[in-house]
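Reading through the structure tokens given below for one structure.
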Amino acid sequence: MFRTLTLPLCSALLLSMAAPAVARGDRDHEHLREAAAQGQVVPLGKLIAEVRSRPPYSDMTYLGGPQFDAGRMIYKLKFMDGSQVVVVYVDARTGRIVGRNP
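Numbering-wise, the sequence shown is residues -23 to -1, 1 to 79 according to mature numbering (1 follows the signal peptide of the UniProt record, and there is no 0).
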């Protein structure tokens, strides 16, 4: 009996832990929409085009799926450089690259 209850209970626990992350993501996107409407951030398409036009990113493949950190107002963009994923951090307000990994 213990074994038959373990899987459903673990699944329910994992799902309940994911709910706050989804809600936080929704708030980030709402914050981004508000900031864009007020002209406080560079439009994402323009920002991506600007980064892709700069060496060395112009020779890399943009992977899509940008992420946004509303607290820091930073976009996280992923590029493929050969077989290595390069993450570029860009200030959403200015379009300035503020970091890179690796």
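Note that CB positions come from ideal geometry on N, CA and C, so glycine has one too.
Pull the bridge partners of V63 from the DSSP assignment, please. Per DSSP, the beta-bridge partners of V63 are F56.
Taking the straight line between their C-alpha atoms, what separation do you get for V75 and K55? So the alpha carbons of these two residues sit roughly 14 Å apart.
Whole-angstrom C-beta distance between R77 and M50, which should lie under 8 Å: That belief does not hold up - the Cβ atoms of M50 and R77 are roughly 17 Å apart, past 8 Å.
Between K23, A47 and V28, which has its C-alpha nearest D3's C-alpha? Nearest option by C-alpha distance: A47.
Please name the residue in P43, P79, V28 and R73 whose C-alpha comes closest to that of L9. Of P43, P79, V28 and R73, the residue nearest in Cα terms is P43.
What are the partner residues of D46, as DSSP defines its beta bridges? Beta-bridge partners assigned by DSSP to D46: I51.
For D58 and P32, the rounded distance between their alpha carbons: Rounded to whole angstroms, P32 and D58 show a C-alpha spacing of 12 Å.
Using only the alpha-carbon positions, how far apart do P20 and H6 sit? Those two C-alpha atoms are separated by around 13 Å.
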